[in-house]
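Q:
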Amino acid sequence: MNYKNFETQAVRIATSSSDQREHSAPLYLSSSFVFDSAEQARQMFADEIEGNIYSRYANPNTSDLIEKVCAAEGTESGITTASGMAAMFGSMASLLRQGDHVLASRSLFGSTHQLLTRIFPKWGISHTYGDISDIDKWEELVQPNTKMLFIETPSNPGLEIIDLEYIAKFANAHNLVLVVDNCFATPYLQQPAKWGAHIVTHSATKFIDGQGRVLGGLILGKKELIDEVQFFMRHTGPSLSPFNAWVLAKSMETLAVRMDRHCENALKIAQYFEGNPEVEVVKYPFLASHPQFHLAKKQMKHGGGIITLTLKGGLSRAKKFIDQLQMISVTANLGDTRSIVTHPASTTHSKLSEEEREKVGILNGLVRLSVGLEHVDDIILDIERALDQSK
Ligand SMILES: *Cc1c(COP(=O)(O)O)cnc(C)c1O
Numbered sequence: 000m001n002y003k004n005f006e007t008q009a010v011r012i013a014t015s016s017s018d019q020r021e022h023s024a025p026l027y028l029s030s031s032f033v034f035d036s037a038e039q040a041r042q043m044f045a046d047e048i049e050g051n052i053y054s055r056y057a058n059p060n061t062s063d064l065i066e067k068v069c070a071a072e073g074t075e076s077g078i079t080t081a082s083g084m085a086a087m088f089g090s091m092a093s094l095l096r097q098g099d100h101v102l103a104s105r106s107l108f109g110s111t112h113q114l115l116t117r118i119f120p121k122w123g124i125s126h127t128y129g130d131i132s133d134i135d136k137w138e139e140l141v142q143p144n145t146k147m148l149f150i151e152t153p154s155n156p157g158l159e160i161i162d163l164e165y166i167a168k169f170a171n172a173h174n175l176v177l178v179v180d181n182c183f184a185t186p187y188l189q190q191p192a193k194w195g196a197h198i199v200t201h202s203a204t205k206f207i208d209g210q211g212r213v214l215g216g217l218i219l220g221k222k223e224l225i226d227e228v229q230f231f232m233r234h235t236g237p238s239l240s241p242f243n244a245w246v247l248a249k250s251m252e253t254l255a256v257r258m259d260r261h262c263e264n265a266l267k268i269a270q271y272f273e274g275n276p277e278v279e280v281v282k283y284p285f286l287a288s289h290p291q292f293h294l295a296k297k298q299m300k301h302g303g304g305i306i307t308l309t310l311k312g313g314l315s316r317a318k319k320f321i322d323q324l325q326m327i328s329v330t331a332n333l334g335d336t337r338s339i340v341t342h343p344a345s346t347t348h349s350k351l352s353e354e355e356r357e358k359v360g361i362l363n364g365l366v367r368l369s370v371g372l373e374h375v376d377d378i379i380l381d382i383e384r385a386l387d388q389s390k
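Count the sequence shown with numbering that gives the first Met the number 0 and you get residues 0 to 390, in order.
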């Protein structure tokens, strides 16, 4: 049966049950799978027939997760990875070769920035960053050897939004593979492939798990491209553990209801702090004051679970504020049931120079708030008290 709606697909698409007739997907902790015959083994290795061979290639639990997320994203094929970074690395390393050039949005996750600036140059792969404010001038940044366009929208932590429809047309006009890191939006809020992205990557560690338990990632897209990615990933080995895949596939079943509440809480908090004199800037994609508010409305279902607050008093104020929080956790993760505060300039983005950080709006006073599933009044109370006591 074909299910039309996101929620039903996420819940009902599941690996077929075994002859134990279990209702909930079992955990397949098996590194390899048995062949009926030598001939069947040959056929599976030759790709003449489909089937599980070895868990570095595929496992019923990773296949289950891929099927659920592909349905959610509207993509044909995919592969799971050990972490989000394995997905970011794998999407680039499998499709690029020595001498290629990547055009990327400047606002990227810290480790993705390390890949482009420190790791890929070792293999002769170069990059140029484009600023979102100058997106109409990106034509000038395309080089004869540019092969890929890599973007994040909304970006971490700046919450910059890129027009997916525009950027997909741009990529096609220049024959570039468009890769979108869709981690912040999740497949529930935004489906880049529907606007024309060729590859969608995820850190499933964040909202897809949603409960701060396991690492994981996904690379999704058209079968033709994913076949190439699969070849690279299967032979280099950053595979997702079946256990993590099982946890993440279960989490997909509740993604929609969780995201609805994350977003509802985040919007209320953003609105509440918009007029606060201790807060210089509140940024949230669904606040009318967000510079790309209309774009966010066009391509996202809700505004997401992340807010940034820039506090009066810069770095020392931000640190005092964080130390005064009583409930909200101070940790580097995001997309958890528990609200989390992070100071990107001194943690997740500390490897960038001050100048690089300024260019992407990661000011010293900026704090990133990942809004959890506690009662919104309790989250506001904790922030309010900490703002007050950090004056
Ligand atoms: C966390 C994150 C990653 C990396 O994911 P891991 O699962 O931590 O490896 C990549 N991109 C974005 C936008 C992220 O927030």
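Beta carbons: idealized from backbone N, C-alpha and C, even for Gly.
Less than 8 Å between C-beta atoms, sequence neighbours within five positions excluded: which residues of the same chain meet that for L362?
A: The residue you call residue 362 lines up with position 363 of the sequence shown. Taken in chain order, the residues that qualify are T309, G313, A344 and R356.
Q: Would you report the Cα separation of D140 and W122, rounded to the nearest angstrom?
A: Translated into positions along the sequence shown, residue 140 becomes position 141. Translated into positions along the sequence shown, residue 122 becomes position 123. Position check: residue 140 holds Leu in this sequence, whereas Asp was assumed. In a straight line, the C-alpha of L140 is about 21 Å away from that of W122.
Q: Within 10 angstroms of the Cβ of H301, are there 16 or more other Cβ atoms? Answer buried if so, exposed if not.
A: Residue mapping note: residue 301 aligns to position 302 of the sequence shown, counting from 1. Buried: at least 16 other Cβ atoms inside 10 Å.
Q: Find out if the Cβ-Cβ distance for the pair L148, V101 is shorter than 9 Å.
A: Here residue 148 corresponds to residue number 149 of the sequence shown, with the count starting at 1. Here residue 101 corresponds to residue number 102 of the sequence shown, with the count starting at 1. For L148 and V101, yes; Cβs fall inside 9 Å.
Q: Could you give the DSSP three-state label for G83: helix, strand or coil?
A: As a position in the sequence shown, residue 83 is number 84, starting the count at 1. The answer is helix: DSSP assigns G83 an H, G or I state.
Q: Should H374 be labelled buried (16 or more other beta-carbon atoms within 10 Å of its own) or exposed?
A: If you number the sequence shown from 1, residue 374 lands on position 375. Exposed.
Q: How would you call L224, buried or exposed, if buried means at least 16 neighbouring beta carbons within 10 angstroms?
A: As a position in the sequence shown, residue 224 is number 225, starting the count at 1. Its Cβ being crowded by 16 or more others within 10 Å, L224 is buried.
Q: Sort out for me which residues DSSP pairs R260 with in a bridge.
A: The residue you call residue 260 lines up with position 261 of the sequence shown. DSSP lists no partner for R260.
Q: Can you tell me the Cα-Cα spacing of A71 and S132, whole angstroms?
A: On the sequence shown, residue 71 is found 72 positions in, with the first residue counted as 1. On the sequence shown, residue 132 is found 133 positions in, with the first residue counted as 1. A71 and S132: Cα-Cα distance of roughly 30 Å.
Q: In this structure, how does DSSP classify R367 when only helix, strand and coil are distinguished?
A: Position 368 of the sequence shown, counting from 1, holds the residue named residue 367. Reduced to three states, the DSSP call for R367 is strand.
Q: Taking the continuous beta strand (DSSP E) assigned at A103, which residues delimit it?
A: On the sequence shown, residue 103 is found 104 positions in, with the first residue counted as 1. Looking at the DSSP string, the run of the beta strand (DSSP E) that includes A103 is H100 to S104.
Q: Using 8 Å as the Cβ pair cut-off and three pairs as the minimum, do the stretch 240-254 and the stretch 208-223 touch?
A: The stretch 240-254 is in contact with the stretch 208-223.
Q: Count the C-beta pairs between the stretch 185-196 and the stretch 31-40 that are closer than 8 Å, then say yes if the count reaches three, no if not.
A: At 8 Å Cβ cutoff, the stretches do not touch.
Q: Cβ of G215 versus every heavy atom of ligand 1: is any distance shorter than 8 Å?
A: As a working mapping, residue 215 is identified with position 216 in the sequence shown. Yes, the beta carbon of G215 sits closer than 8 Å to at least one heavy atom of ligand 1.
Q: Are there 16 or more other CB atoms within 10 angstroms of the CB of T111, so buried, or fewer, so exposed?
A: Taking the sequence shown and counting its residues from 1, the one referred to as residue 111 is at position 112. Per the 10 Å Cβ criterion, buried.
Q: Do I382 and I327 count as a contact pair if the criterion is CB distance below 9 Å?
A: On the sequence shown, residue 327 is found 328 positions in, with the first residue counted as 1. On the sequence shown, residue 382 is found 383 positions in, with the first residue counted as 1. A contact, by the Cβ cut-off of 9 Å.
Q: With three or more beta-carbon pairs closer than 8 Å as the criterion, would you say the stretch 252-260 touches the stretch 2-10?
A: Result yes; three or more Cβ-Cβ pairs closer than 8 Å.
Q: Go ahead and label P237 buried or exposed: buried means 16 or more other beta carbons lie within 10 angstroms of its beta carbon, across all protein chains shown.
A: Residue numbering aside, residue 237 sits at position 238 when the sequence shown is read from its first letter. By the 10 Å Cβ count, P237 comes out buried.
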